[in-house]
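To convert, note that position 479 of the sequence shown is 483 in the numbering used here; the numbers rise steadily by one, no gaps. We put the CB at the ideal spot given by N, CA and C, even for glycine. Just below is one structure, and these are the notes that go with it.
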Amino acid sequence: MRNGAVVKTIAEPVRMTTSEGYALRFAVPSDTPDGDYTLYVHNGCGGPSGWVRFSNFSHEPIETVTVQAFEPWPSTVYKLEEQPGANADERFAAAIAKLKVNGGGVLQVPAGTHVVNNRLFLPRRTLLKGAGRATTLIRWATSPAIGAPFTYGTNPLVCGEMVYPNSTSAFTTFSIEDIALESTDTFKGQLVMRQGVSEPGWFRRVSILVPTDKSLTAEFGSPTAFYMRKASNTILDDVVLEGSHYCLWGYEAITYLRCTNSTINWRGMSVWIGSGSHNIVIKDNTHHLKGSITENLWDQHGNPNPGFFFTTFNGRPYTRDLLWSNKTSTHESTFGQIPTYLGYSADGGTGIYFGGVASVSGNQLQLTGTIADHKKYGLEAATYVGGIVQILDGRGAGQWRYVKNAPPLASTVTVDRPWDIEPDGTSTIGINQMFGRLLMIDNDYSSEPLNQDYYMSLDSIKAGNRYGVEGTRTNMTSWTGSHYAGMLPNWHLQVIDNQIVKGPSAAFSSMIVSENPPHSEFPGVIGAAHVYRNNTNTSGNPFEILLRTKWNTFADVLMEKNQPTMVYFNKGTERISLQNILMRKNLTPAGTPPVTVPATIPPGVTVAP
5 MRNGAVVKTI AEPVRMTTSE GYALRFAVPS DTPDGDYTLY VHNGCGGPSG WVRFSNFSHE
65 PIETVTVQAF EPWPSTVYKL EEQPGANADE RFAAAIAKLK VNGGGVLQVP AGTHVVNNRL
125 FLPRRTLLKG AGRATTLIRW ATSPAIGAPF TYGTNPLVCG EMVYPNSTSA FTTFSIEDIA
185 LESTDTFKGQ LVMRQGVSEP GWFRRVSILV PTDKSLTAEF GSPTAFYMRK ASNTILDDVV
245 LEGSHYCLWG YEAITYLRCT NSTINWRGMS VWIGSGSHNI VIKDNTHHLK GSITENLWDQ
305 HGNPNPGFFF TTFNGRPYTR DLLWSNKTST HESTFGQIPT YLGYSADGGT GIYFGGVASV
365 SGNQLQLTGT IADHKKYGLE AATYVGGIVQ ILDGRGAGQW RYVKNAPPLA STVTVDRPWD
425 IEPDGTSTIG INQMFGRLLM IDNDYSSEPL NQDYYMSLDS IKAGNRYGVE GTRTNMTSWT
485 GSHYAGMLPN WHLQVIDNQI VKGPSAAFSS MIVSENPPHS EFPGVIGAAH VYRNNTNTSG
545 NPFEILLRTK WNTFADVLME KNQPTMVYFN KGTERISLQN ILMRKNLTPA GTPPVTVPAT
605 IPPGVTVAP
């Protein structure tokens with residue numbers, strides 16, 4: 005809508021997942037005029053709340069959507085073979101000089117192998133295009149020397165032009181199609197890099213290989229196939245990424261990324277999404293594990309956790325809004341037994357305050373304590389904007405609000421809107437990173453036994469996935485409680501309609517771990533609002549569901565229509581503290597009630613017919 009009038013109604017969405025109810029894609033009609041619009045979304049059922057105005061919040065309120073037609077790039081073609089020069093480096097330099105004068109265009113590379121030694125700085129709106137990734141290869145014979153302004157952390161082979169002289173803070177946009185790129189086997193940088201750019205760029209039918217010897221990654225540098233930092237509006241489709249350390253690395257502030265129909269050949273980190281990132285779609289990809297435990301150096305690390313990392317590391321108070329769907333997991337037949345520690349990990353979750361509330365006035369809270377000196381983390385403007393305040397226990401528990409201002413060492417915090425039920429002196433709050441809204445839907449984890457939400461704040465969904473690795477136990481775990489300086493509950497976890505299809509055993513766990521004071525001394529509710537429903541077991545082997553409280557209290561959990569062989573409420577002499585736990589129609593595959601530990605259902609748990 006614009007100016008109170010309906011401009012377009014967008015119907016017939018495309019469902020993005022096989023499982024229903026998780027992700028829809030709507031196409032904006034091509035004749036929609038450019039401009040800013042208010043967007044209303046229908047719930048599909050009607051009633052007083054049938055139409056709801058769309059709004060969101062990242063580091064600021066989002067109340068409108070902008071429609072703007074894509075501006076075509078220059079189409080002038082510069083053929084590499086027609087450029088002057090005695091070698092490929094000179095011919096690329098000649099073509100790039102012409103592209104810069106033209107304001108972009110197409111750099112056409114013919115079939116064959118083109119050996120180079122220099123970096124390729126592609127002018128704004130340049131498309132590097134080959135004759136097909138199976139026939140056109142650019143291969144670096146040497147790795148360019150690292151000199152100012154480049155460092156080990158910013159050391160690309162292909163990138164845009166620097167926006168500011170001798171500064172790696174921002175580069176122009178470029179795109180690549182139908183070509184293969186390969187570094188040397190000693191390269192320690194980023195083969196393709198998008199950094200400090202919001203203008204769209206796309207990468208289609210491209211192969212990017214960094215075959216660096218894994219033993220060299222212990223030194224400076226992290227060999228990476230495709231690297232992004234502070235980058236928006238990026239499309240990867242039908243690409244092959246292979247890096248000895250990182251394949252797809254989004255260091256920080258990655259927004260509006262889509263990676264589809266691609267193959268990721270990995271040995272370290274398959275995908276890394278860092279802090280300040282949001283609105284990401286990664287679907288319909290194959291993750292193929294290569295090497296071996298020894299070759300990949302995993303035996304030299306105490307807890308390597310290779311695979312997919314969804315993290316709030318690297319400086320900002322949120323990482324959120326990711327659809328991870330329809331992934332196929334494979335590995336080389338020569339790999340050997342898959343270890344339990346590889347797969348998916350969320351990590352980095354922390355906070356800046358855990359404690360009481362002295363008073364509330366509108367959207368401002370006066371705290372009983374002080375906020376941590378979080379400037380040392382480099383968070384956005386030191387305000388923690390985009391983080392969240394969660395009422396963990398006491399009056400108003402279960403509510404959360406976005407942070408607009410939480411200065412270091414202050415005793416006040418400003419949120420984005422007033423509370424429906426104001427907290428009071430009985431309330432305990434956490435000011436945490438907004439770490440969540442991760443949808444893992446319809447994935448195959450037959451080569452990845454680890455799936456752990458390691459201290460997230462809220463809204464993680466695992467639905468329609470297939471778990472189980474031959475010969476290796478599968479663990480899908482939600483860690484809640486204290487982590488670094490925060491108290492993170494992973495509210496609204498939903499684990500539904502998943503299948504255990506093979507493997508010697510599997511476990512789905514919600515577990516509180518709060519080892520250090522004052523977190524470990526807090527008796528109240530931390531973990532809450534977890535749902536386990538319709539999870540089936542066709543493996544013929546044990547499947548456990550665990551709800552372990554240890555230090556604090558778990559509340560408001562539903563276990564319904566699952567097929568566990570055992571349900572654990574503790575192990576050994578662990579403390580049990582549960583509230584409002586409902587179990588209903590959980591039966592083993594044989595149709596018998598699961599064994600519970602302890603054998604007597606503990607207080608706070610209701611077993612319904």
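Round the Cβ separation of asparagine 447 and lysine 331 to the nearest angstrom and send it over; I've been treating them as touching at under 8 Å.
By one-based count along the sequence shown, residue 447 stands at place 443. By one-based count along the sequence shown, residue 331 stands at place 327. The Cβ separation is near 4 Å, so the contact holds.
Within the region 447-500, note down every full beta strand (DSSP E) run reaching 3 residues or more, in order along the chain.
454-458, 462-467, 478-487, 490-492 and 497-500
If you compare alpha carbons, which of Asn289, Glu525, Ser543 and Gly440 is closest to leucine 492?
Taking the sequence shown and counting its residues from 1, the one referred to as residue 492 is at position 488. That would be Gly440, whose Cα lies nearest to the Cα of leucine 492.
Sorted by chain position, which residues of the same chain lie with C-beta nearer than 6 Å to threonine 22's C-beta, five sequence neighbours on each side aside?
Position 18 of the sequence shown, counted from the start, is the residue given in the question as residue 22. These residues qualify, in order along the chain: Asp446.
Going by DSSP, which residues form a beta bridge with histidine 652?
Since the displayed the chain opens at 5 and closes at 613, residue 652 lies outside it and no answer follows.
Under a three-way DSSP split, which group does isoleucine 258 fall into?
In the sequence shown, residue 258 corresponds to position 254, counting from 1. In the structure shown, isoleucine 258 sits in a strand (DSSP, three-state: E or B).
Which residue comes first and which comes last in the beta strand (DSSP E) that contains aspartate 93?
As a working note, residue 93 is residue 89 in the sequence shown. Counting along the chain, aspartate 93 falls outside any beta strand (DSSP E), though it belongs to the alpha helix (DSSP H) covering 92-106.
In the structure shown, what three-state DSSP assignment does leucine 301 receive?
Along the sequence shown, read from residue 1 onward, the residue named residue 301 stands at position 297. Residue state, collapsed to three classes: coil.
Going by other Cβ atoms of all chains shown within 10 Å of its Cβ, with 16 needed for buried, is arginine 198 buried or exposed?
Here residue 198 refers to the residue found at position 194 when the sequence shown is read from its first residue. So arginine 198 counts as buried.
Excluding five sequence neighbours on each side, which residues of the same chain lie with their C-beta closer than 8 Å to the C-beta of valine 3?
With the chain running from 5 to 613 in the structure shown, residue 3 is simply not present.
Could you give the C-beta distance for threonine 481 and proline 453, rounded to a whole number, given that I count them as a contact under 8 Å?
Walking along the sequence shown from the start, residue 481 turns up at place 477. Walking along the sequence shown from the start, residue 453 turns up at place 449. No, threonine 481 and proline 453 are not in contact; Cβ-Cβ is about 11 Å, not under 8 Å.
Member of Gly528, Tyr357, Leu327 and Pro204 whose CA lies at the smallest distance from the CA of threonine 264:
Counting from one through the sequence shown, the residue named residue 264 turns up at place 260. The shortest C-alpha separation from threonine 264 is found at Leu327.
Beta strand (DSSP E) segments (min. 3 residues) lying fully within the region 108-132:
109-112, 116-120 and 124-126
Exposed unless 16 or more other CB atoms sit within 10 angstroms - verdict on valine 45:
Residue mapping note: residue 45 aligns to position 41 of the sequence shown, counting from 1. The residue is exposed, with fewer than 16 neighbouring Cβ atoms inside 10 Å.
My output table needs one value for glutamate 181: the three-state DSSP class, helix, strand or coil.
If you number the sequence shown from 1, residue 181 lands on position 177. Here glutamate 181 sits in strand by DSSP.
For glycine 576 and phenylalanine 558, which I take to be in contact (beta-carbon distance under 8 Å), what is that distance rounded to the nearest angstrom?
Within the sequence shown, the letter at position 572 stands for residue 576. Within the sequence shown, the letter at position 554 stands for residue 558. The Cβ separation is near 18 Å, so there is no contact.
Going by the CB atoms, is the gap between proline 593 and asparagine 539 shorter than 8 Å?
Sequence index remark: in the sequence shown, residue 539 carries index 535 (1-based). Sequence index remark: in the sequence shown, residue 593 carries index 589 (1-based). The answer is no: Cβ separation not under 8 Å.
Just to confirm my understanding: we take arginine 129, look at its own chain, exclude 5 residues before and 5 after, and list those with CB closer than 7 Å. What are they?
Within the sequence shown, the letter at position 125 stands for residue 129. Result list for arginine 129: Trp77, Pro78, Gly107, Gly108 and Thr177, in chain order.
Could you tell me whether the Cβ atoms of glutamine 394 and glycine 434 are closer together than 8 Å?
Reading the sequence shown from its first residue, position 390 is the one you call residue 394. Reading the sequence shown from its first residue, position 430 is the one you call residue 434. In this structure, glycine 434 lies closer than 8 Å to glutamine 394 by Cβ.
For the structure I just gave you, are there three or more beta carbon pairs, one from the region 185-199 and one from the region 147-162, closer than 8 Å?
yes
Taking one C-beta from the region 179-188 and one from the region 131-144 each time, how about it: are there three or more such pairs within less than 8 Å?
yes
Would you tell me roughly how many angstroms separate the C-alpha atoms of arginine 341 and glycine 472, rounded to the nearest one?
If you number the sequence shown from 1, residue 341 lands on position 337. If you number the sequence shown from 1, residue 472 lands on position 468. As written in the sequence, residue 341 is glutamine, which differs from the arginine given in the question. Near 13 Å, if we compare the C-alpha coordinates of glycine 472 and glutamine 341.
Report the option in Thr155, Ser202 and Thr172 whose CA atom is closest to the CA atom of glycine 193.
Walking along the sequence shown from the start, residue 193 turns up at place 189. Cα-wise, what sits closest to glycine 193 is Thr155.
Which term fits lysine 133, buried or exposed, when burial requires 16 or more other beta carbons within 10 angstroms of its beta carbon?
Within the sequence shown, numbered from 1, the residue matching residue 133 stands at position 129. Classification of lysine 133: buried, given that the 10 Å Cβ count is 16 or more.
Could you tell me how far apart the beta carbons of arginine 421 and arginine 399 are, in whole angstroms, since I believe they sit closer than 8 Å?
On the sequence shown, residue 421 is found 417 positions in, with the first residue counted as 1. On the sequence shown, residue 399 is found 395 positions in, with the first residue counted as 1. No, arginine 421 and arginine 399 are not in contact; Cβ-Cβ is about 18 Å, not under 8 Å.
Hey, phenylalanine 191 and threonine 216 are a contact pair by Cβ (cut 8 Å); roughly how many whole angstroms apart?
Residue mapping note: residue 191 aligns to position 187 of the sequence shown, counting from 1. Residue mapping note: residue 216 aligns to position 212 of the sequence shown, counting from 1. Going by Cβ atoms, the distance from phenylalanine 191 to threonine 216 rounds to 5 Å, so yes, they are a contact pair.
Proximal residues to glycine 280 (C-beta, below 6 Å), its chain only, five neighbours per side dropped
For the purposes of this step, residue 280 is taken as the residue at position 276 of the sequence shown. So the qualifying residues of the chain are Glu256, Ala257 and Arg320.
Since I believe glycine 254 is in contact with leucine 245 (beta carbons under 8 Å), could you give me their beta-carbon distance rounded to a whole number of angstroms?
As a working note, residue 245 is residue 241 in the sequence shown. As a working note, residue 254 is residue 250 in the sequence shown. Between glycine 254 and leucine 245 the Cβ distance is about 12 Å, and since that is not below 8 Å, they are no contact.
Between which two residues does the beta strand (DSSP E) carrying lysine 287 extend?
For the purposes of this step, residue 287 is taken as the residue at position 283 of the sequence shown. Segment 282-287, the beta strand (DSSP E) holding lysine 287.
As assigned by DSSP and simplified to three states, the class of serine 202:
Locating residue 202 in the sequence shown gives position 198, counting from the first residue. DSSP places serine 202 in coil when its eight states are reduced to three.
Between the Cα of valine 243 and those of Asp93, Thr70 and Phe207, spot the shortest distance and give me the residue it belongs to.
In the sequence shown, the residue the question calls residue 243 occupies position 239. It is Phe207.
Assign serine 62 to one of three DSSP states: helix, strand, or coil.
To locate residue 62, count along the sequence shown from 1; it is residue 58. Looking at serine 62 - three-state DSSP - the assignment turns out to be coil, as it is neither helix nor strand.
Report all residues from its chain with a CB closer than 6 Å to the CB of isoleucine 504; omit the five preceding and five following residues, and keep chain order.
As a working note, residue 504 is residue 500 in the sequence shown. So the qualifying residues of the chain are Tyr471, Gly472, Ala510, Asn541, Ser543 and Phe547.
List the endpoints of the continuous beta strand (DSSP E) containing glutamine 370.
Locating residue 370 in the sequence shown gives position 366, where the first residue counts as 1. That run of the beta strand (DSSP E) goes 368-371.
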